[in-house]
Amino acid sequence: MFQYFYYIWEEPISISLGNWLNIGDIIIPYGLSLDSLAMTVMIPVGIVTLCVLLYAIEYMSHDPNRNTFYIILSVFAIFMTILVVSDNYIMMFIGWEFVGVISYLLISFWSTRIAAMKAALSAILLNRMGDTFFMLALGIFLSYFHAVDFDTLSLAAPYTNTLILNILSLLLLLAATAKSAQLGLHAWLLQAMEGPTPVSALLHAATMVCAGVYVLVRSYFILEYAPSLLIGICWLGGITTLVSGLIAIVTNDIKKVIALSTMSQLSIMVLAIGISSYDLAIYHLYCHAFFKALLFMGAGSVIHSYISETQDMRKYGGLVNYLPFSYTAILIASLSLMAIPGLTGYYSKDIIIESLYGTYTFSGYILYYMAVGSATLTSLYSIRVLYLTFYNNPNSNKATYQHIHENIRMLIPMVILVIYSIFIGFNRDNVIGHYAMTLPANNSFIETEFTLPWYIKLLPLILGLSLSLILIYIYEYAYKVRPSTIYNYFNNKIYYDQLLNNVIIRKTLIFGGYLNTYIDNGLLKVLGSTGISRALTYINIGIFLNLLYLFFFL
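Those letters in the sequence shown? Residues 117 to 670, per my numbering, in order.
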């Protein structure tokens, strides 16, 4: 019914369920807002969640705790739905919080693995930082606007002090940076690959990592009146998409390469938000969910077929003859990710890159070439995954290849996603241009569509395909690759983990040790329990001695 209203009548449905709190002139409601934005995001959330559950039935069939896993997946989908269809920031924050907590449970599902527990701890700690910024934004909403519902805030935003809007935009951006794994708070995304593959497909395709982008798009009425922050959002997305591509090109773990491609595509969405093309950001989120979930499922099928369940692509090779259906799925998803014409990714990704040039600003030109570089790197690491996994010479022993097989029950959800990865791009006109979120002065869609020269539009495609062919030639005929300093720099993920541990976490722990020594066990004890206890002891001893003196003298 909701889809009918959305696609046929485009009539938003608002359902009020009551009030959480009513204090003075502050009213915090809870309800559902089924508008075009919410329904667009609900489509991939629902379909991908269904496919992941079908996939997990077979993938987790031998796990003794599989029923718990299915329950956690279902609860995750419920709170993601609450986040998407909520009509105010408080209700959205409830969905946001529970999505983060349940992702911790999913990543640490194999709790006997120390790497999985460390990854889950890293994920929840970095996401807590984003939650802190979200809570600060909620505090400003309540103290300054006395409201948290989207309708009231959108009406008040044009008449609000620019400083307040800039602060709110910055806080929401920092919250989204943690949840959508942008540079600075991105370390948890790669570590989260320690969880089961269905978790990777669900968390890192349509749902959790897209929550930050969704919150920014939902807050368009604030961002539109903070143009200086929009430029900052652009540069954050541009740098992140380039760095993630450079790291992915030298990474050997197949799931981590796909996770880095997720980080890169989220940055493309952030770029679209930075140029006020909110409909393009949501459309790319809508399309990206299907082929990214398909990539993770195809990778899971490859990993599951190995006895050792290794994720190192250097131990694969020659699998095109052993896993033909998984190869077809990964090929279609990779081509869609590379934005090959005719597939879903072409219709959603390239138009964002073109729009950067269509803004006709200095930042737009630079970010356009950064995005083209990122698109080229995307083609390179996609071809690298295909080559090392399927086309290369076999790199495992004979016994391993004798046991490789595909499971038909894991292929059924992959077939559904293959269809979406090919055909959902033709649905573009039902998504783009139906939101009316952008101020007329910030709209660059017309210029992008009608004034750009053809070579600007085709540059990402030409560079990506030509350099991919060169890469295949190098892999075939260059027998030795000598790791250089630059290679090691990106292979170690720009040493971000070491920087985080040595500069921030270690110093924080040392500072916490000083606080514990001199404040908790020092000043507070002197002024608190220990000091009071000693003072009372001295008083009691003094009273006892006085009584003793009286006894002797009397």
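We put the beta carbon where it would ideally sit given N, CA and C, even for glycine. Note that this is a predicted model, so its numbers are computed, not measured.
Buried/exposed call for residue i, threshold 16 Cβ in 10 Å
i: Asp-395; result: buried
i: His-519; result: exposed
i: Phe-539; result: exposed
i: Asp-141; result: exposed
i: Ile-657; result: exposed
i: Lys-623; result: exposed
i: Ser-335; result: buried
i: Val-215; result: buried
i: Ser-421; result: buried
i: Asp-466; result: buried
i: Gln-307; result: buried
i: Leu-483; result: buried
i: Arg-500; result: buried
i: Thr-228; result: exposed
i: Pro-160; result: buried
i: Lys-514; result: exposed
i: Met-251; result: exposed
i: Glu-127; result: exposed
i: Glu-310; result: buried
i: Asp-203; result: buried
i: Pro-145; result: buried
Helix, strand or coil at residue i according to DSSP, with G and I counted as helix
i: Asp-428; result: strand
i: Asn-744; result: The shown model of the chain, from 117 to 670, leaves out residue 744, and the question about it has no answer.
i: Asp-369; result: strand
i: Tyr-503; result: helix
i: Ala-297; result: coil
i: His-178; result: coil
i: His-235; result: According to the sequence as given, residue 235 is Ala; it is not His. Correct three-state label for Ala-235: helix.
i: Ile-655; result: helix
i: Met-548; result: Note on residue identity: the sequence assigns Ile, not Met, to residue 548. In this structure, Ile-548 counts as coil in the three-state DSSP scheme.
i: Ser-649; result: helix
i: Ala-409; result: helix
i: Thr-475; result: coil
i: Pro-274; result: helix
i: Ile-349; result: helix
i: Thr-492; result: helix
i: Tyr-665; result: helix
i: Glu-213; result: helix
i: Met-454; result: coil
i: Phe-225; result: coil
i: Ala-342; result: coil
i: Ser-521; result: What sits at residue 521 in the sequence shown is His, not Ser. Correct three-state label for His-521: coil.
Contact check, residue i vs residue j, beta carbons under 9 Å
i: Gly-211; j: Leu-199; result: yes
i: Leu-150; j: Ile-173; result: no
i: Ile-590; j: Tyr-497; result: no
i: Leu-289; j: Leu-352; result: yes
i: Gly-348; j: Ser-296; result: no
i: Ser-479; j: Phe-561; result: no
i: Thr-492; j: Pro-576; result: yes
i: Ala-419; j: Ile-370; result: Before going on, a small fix: residue 419 reads as Ile here, not Ala. Cβ atoms of Ile-419 and Ile-370: closer than 9 Å.
i: Phe-249; j: Thr-313; result: no
i: Met-530; j: Leu-410; result: yes
i: Ile-391; j: Leu-346; result: yes
i: Leu-242; j: Phe-209; result: no
i: His-521; j: Tyr-438; result: yes
i: Leu-148; j: Leu-166; result: no
i: Ile-397; j: Val-333; result: Before going on, a small fix: residue 397 reads as Ala here, not Ile. Yes; because the gap between Cβ atoms is below 9 Å, this pair is in contact.
i: Ser-219; j: Val-315; result: yes
i: Gly-541; j: Leu-459; result: yes
i: Leu-502; j: Ile-446; result: yes
i: Tyr-341; j: Thr-426; result: no
i: Met-454; j: Ser-495; result: yes
i: Trp-304; j: Ala-239; result: yes
Sheet register partners of residue i (DSSP bridge)
i: Leu-148; result: Ile-131 and Ser-202
i: Ile-142; result: Ile-139
i: Asp-265; result: Asn-204
Option nearest residue i by Cα separation, candidates the options
i: Phe-752; options: Ser-296, Gly-348, Val-168 and Val-201; result: Examination of residue 752 is not possible in this model, given that the chain is present from 117 through 670 alone.
i: His-404; options: Tyr-536, Thr-313, Ile-499 and Tyr-205; result: Tyr-536
i: Arg-110; options: Tyr-402, Val-161, Pro-569 and Asn-604; result: The structure shown has nothing for residue 110, since the chain only spans 117 to 670.
i: Asn-135; options: Ile-206, Leu-170 and Thr-197; result: Ile-206
i: Ala-292; options: Val-331, Phe-261, Ala-317 and Ile-370; result: Val-331
i: Gln-381; options: Ile-391, Thr-367 and Thr-356; result: Thr-356
i: Pro-457; options: Thr-653, Leu-269, Gly-361 and Leu-574; result: Leu-574
i: Ile-188; options: Leu-318, Leu-284, Leu-281 and Ile-139; result: Leu-318
i: Tyr-415; options: Met-526, Asn-508 and Gly-354; result: Contrary to the premise, residue 415 reads as Ala rather than Tyr in this sequence. When only C-alpha atoms are compared, the closest one is Met-526.
i: Ile-256; options: Met-245, Leu-504 and Leu-286; result: Leu-286
i: Lys-408; options: Thr-268, Ser-377, Ile-389 and Met-429; result: Ser-377
i: Leu-153; options: Ser-224, Phe-266 and Tyr-175; result: Phe-266
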